[in-house]
Amino acid sequence: MDHYDSQQTNDYMQPEEDWDRDLLLDPAWEKQQRKTFTAWCNSHLRKAGTQIENIEEDFRDGLKLMLLLEVISGERLAKPERGKMRVHKISNVNKALDFIASKGVKLVSIGAEEIVDGNVKMTLGMIWTIILRFAIQDISVEETSAKEGLLLWCQRKTAPYKNVNIQNFHISWKDGLGFCALIHRHRPELIDYGKLRKDDPLTNLNTAFDVAEKYLDIPKMLDAEDIVGTARPDEKAIMTYVSSFYHAFSGAQKAETAANRICKVLAVNQENEQLMEDYEKLASDLLEWIRRTIPWLENRVPENTMHAMQQKLEDFRDYRRLHKPPKVQEKCQLEINFNTLQTKLRLSNRPAFMPSEGRMVSDINNAWGCLEQVEKGYEEWLLNEIRRLERLDHLAEKFRQKASIHEAWTDGKEVMLRQKDYETATLSEIKALLKKHEAFESDLAAHQDRVEQIAAIAQELNELDYYDSPSVNARCQKICDQWDNLGALTQKRREALERTEKLLETIDQLYLEYAKRAAPFNNWMEGAMEDLQDTFIVHTIEEIQGLTTAHEQFKATLPDADKERLAILGIHNEVSKIVQTYHVNMAGTNPYTTITPQEINGKWDHVRQLVPRRDQALTEEHARQQHNERLRKQFGAQANVIGPWIQTKMEEIGRISIEMHGTLEDQLSHLRQYEKSIVNYKPKIDQLEGDHQLIQEALIFDNKHTNYTMEHIRVGWEQLLTTIARTINEVENQILTRDAKGISQEQMSEFRASFNHFDRDHSGTLGPEEFKACLISLGYDIGNDPQKKTGMMDTDDFRACLISMGYNMGEAEFARIMSIVDPNRLGVVTFQAFIDFMSRETADTDTADQVMASFKILAGDKNYITVDELRRELPPDQAEYCIARMAPYTGPDAVPGALDYMSFSTALYGESDL
């Protein structure tokens, strides 16, 4: 037991004491711990089919906390409470904390109430304690354990890697290379370590986190940005995440070696089978290709056209250049694969490979010989046929080429000349069409020579009696007829374009004038509509009056605006008359503006509709501002009364908690009456909440009639209720201590008087020197040697005072007392801790040895006790309690059913596991 306590103190409990001493975490560390601890918890909770989202909220009822402990320990905890009340939640959390304590973990300053209340600092401290106990404590490397063992493991695994120097669990991991090195050391195929750069920590960290989550089943517990952006990353978060790598990789070496051995044997067999399959497939494909190719080479039927014969020649060349060479290589590779396979089978003591029937190497060689025999002479036959057709096709090809060029040029020209695009074109488009038409006329004259050449070639083919002369003549006649038609259409289109140009020039002038006047008028209407529909936010009556005045000035400008509108519409009507008179097809719109008369009339009507709406909105806002002012005054009047009342009550409670006159019961009764009077004030708070709701609904954000906000009132009210409840609880605890320890009322009063005397700043706590003086004033001897009183003086703090009272105050003895009353080393002593210490020093208590001696009497001086003896000597409830919890006795003198009362007695006082 001594060795275990020492080891826990050195290797395990020290980080927990660090936690308590640094209750105010750095915000960046707190953020890292939140994410890391949440991910760590979820990595275990998902085994039970659940998870947490908010670490301080989801553990408040204790249910998931108990489930987490069952998953990571493999043990069953006591049945949890399923109620929703606070007492049920506290009970569940206490069961979890008791289980943690039963594992030898000392929980410092972590109580069930803090966890139930969602205290983030206490919750993170509790989770860190669980991680230390169940994930880090058992790590051992060369007689080192926990933190040192984990650090040594990391140093050894990363030793061969450049730029990695792991010396701690904070800044050594900032560049991400440490995480990448751990993964690469165990799974080098997952990370290309050579491409990592020390000056790119974000990429390194994200690479390690993503690979660990995807391939190692290690959840992402850290954010790369948080680690890089923090001068000193949180040590607990880093340790938690690194421990996951340790557990993931531990034991993997032996499994990997066994797997490699099996894979090596299987790989040889799989490779041989693959070579056999490849040979069979390659041989089958090659024989099938030879079977299909031979009939193609034996075909000697000539074609009628040069193109068809050239295609045959091209196909044969493709066969020689593209198709046959790969098959030659396949035939060679087939023989190589066959020989290689036979050699591998012989070396691995496997039987020789025998291909299926008809696929032997000799079968393939015979088929290949037949192919090459047929191939001879095929190319020579093709060339002779091509020379014969070339003489006939040359002249016909020349005709087709010139005819195709001409037909391609004339394609679409008749459609282009017949279209009436000028009927819907603008003036600029008409001018462009005229220039385009002039260019076409020039192009038409240039093509006259080609038409004459086509007719001459067709005449020559007729004289030579070409076999396809009928089709040549028909094509030539079609070209000549089309040429005559193009000339007539060209003249007709020129006349129509010139006529349309003159009409559009007149309309264009009217369009330009319309655009110059419509644009500014349209802008004026859009600005007016925007102003009339613009939402306004005002906070005073003066502001709404200013808006009303501006609106009246705007309405005075409307008559002049209507006159301008009518003038603009008159210009558009004149254009319409010209279009109707000359039958101009106006498919387009005004090129100078997109504003139409309909749009102008529509916007004008909209402006006229918006004016009365604006009048109504301004009137309603004026009434709303008057109502808001009344709400401000009503809330301010109540807040100015309630705020000072809360402040006065807080001061009175502080004064009562220090003075505390009368017995503890009197003080408790007085405090409860005081609490009742405070609670009776709640309706006024509720009434103020109602007024505040009305203010919020009215969107009032300031109030010049009071300096108090509803948030100030709420916080003050909650602090008032909490303070009176805490004070009542403190007196109740004093009563419990007094009754449990047998302290008299006079002693309790003396303790309170001494405590208050030395609490000079009325903070409710004593500093170390104040506490020492208080103990001395009560006659407590704090000396290294209680038997020695030297009466000598020295220069230490309070030494003259102690000597004057006849006591010798030793530093070692006082340090021992301070460790009892201030276990968290906060540097202060509360009154409750002071009372607990004084009651322990002045009252008699039972010990484990005394209980053990009592059991020995009931057992008849035996080292064990039976079930019958317990039921005979103890009340039924106590007897069954002992029977359920006593372990079987295993000593040499044990009898069937013997129970070990010695271990049970020590467990009652926390000296062993129950």
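Following the UniProt record's numbering, the numbering of the sequence shown begins with 1 at its first residue and continues without gaps. Cβ atoms here follow ideal geometry from the backbone N, Cα and C, with glycine treated the same way. Predicted model only: the values in this text are computed from it and were never measured.
So the alpha helix (DSSP H) residue i belongs to, where does it begin and stop?
i, result
"residue 525", "469-533"
"residue 113", "112-116"
"residue 181", "177-186"
"residue 201", "201-215"
"residue 419", "No alpha helix (DSSP H) contains residue 419, which DSSP labels as neither H nor E."
"residue 563", "558-582"
"residue 109", "Unbroken run through residue 109: none, as it is neither H nor E."
"residue 676", "664-679"
"residue 546", "541-555"
"residue 813", "811-821"
"residue 316", "306-318"
"residue 427", "427-446"
"residue 222", "Premise fails: residue 222 is in no alpha helix (DSSP H) and is neither H nor E."
"residue 339", "324-347"
"residue 231", "Where residue 231 is concerned, there is no enclosing alpha helix (DSSP H), given that its DSSP letter is neither H nor E."
"residue 151", "146-158"
"residue 250", "That residue, residue 250, is in no alpha helix (DSSP H); it is neither H nor E in DSSP."
"residue 366", "361-375"
"residue 859", "Unbroken run through residue 859: none, as it is neither H nor E."
"residue 691", "682-697"
Using only CA atoms, which one of the options lies nearest to residue i?
i, options, result
"residue 704", "663, 692, 723 and 632", "632"
"residue 521", "601, 408 and 773", "601"
"residue 283", "229, 362 and 432", "362"
"residue 937", "354, 693 and 831", "Missing from the structure shown is residue 937; the chain here goes from 1 to 914 and no further."
"residue 120", "518, 30, 561 and 422", "30"
"residue 646", "662, 724 and 580", "724"
"residue 117", "696, 248 and 58", "58"
"residue 902", "855, 877 and 199", "855"
"residue 508", "579, 817 and 367", "579"
"residue 918", "662, 643, 549 and 603", "One cannot answer for residue 918 here, as it falls past the ends of the chain, which runs 1 to 914."
"residue 338", "349, 364 and 319", "364"
"residue 55", "540, 125, 460 and 79", "125"
"residue 293", "343, 372, 244 and 626", "372"
"residue 129", "105, 111 and 114", "105"
"residue 334", "513, 352, 316 and 360", "360"
"residue 719", "648, 271 and 693", "648"
"residue 350", "209, 385, 176 and 272", "272"
"residue 297", "324, 281, 275 and 404", "324"
"residue 494", "108, 525 and 435", "435"
"residue 427", "584, 445, 531 and 472", "584"
"residue 531", "461, 484, 88 and 615", "615"
"residue 202", "182, 188, 229 and 183", "229"
"residue 115", "103, 134, 90 and 101", "90"
"residue 84", "62, 589, 45 and 98", "62"
"residue 423", "597, 502 and 328", "502"
Return the bridge partner residues of residue i from the DSSP annotation.
i, result
"residue 887", "900"
"residue 916", "Residue 916 is absent from the structure shown; the chain starts at 1 and stops at 914."
"residue 865", "899"
Below 8 Å on the Cβ atoms is my guess for residue i versus residue j; work out the distance and round it to an integer in Å.
i, j, result
"residue 555", "residue 607", "So it is not a contact: roughly 10 Å between Cβ atoms."
"residue 205", "residue 224", "4 Å"
"residue 489", "residue 410", "So it is not a contact: roughly 11 Å between Cβ atoms."
"residue 185", "residue 157", "5 Å"
"residue 430", "residue 451", "The Cβ separation is near 31 Å, so there is no contact."
"residue 821", "residue 833", "4 Å"
"residue 51", "residue 222", "In fact, because the Cβ distance is near 18 Å, the residues do not count as touching under 8 Å."
"residue 541", "residue 626", "7 Å"
Go through the UniProt domain "Calponin-homology (CH)" (31-135) residue by residue and report every complete run of the beta strand (DSSP E) that reaches 3 residues or more, in order.
-> Counting only runs of 3 or more residues that sit fully inside the UniProt domain "Calponin-homology (CH)" (31-135), no beta strand (DSSP E) segment turns up.
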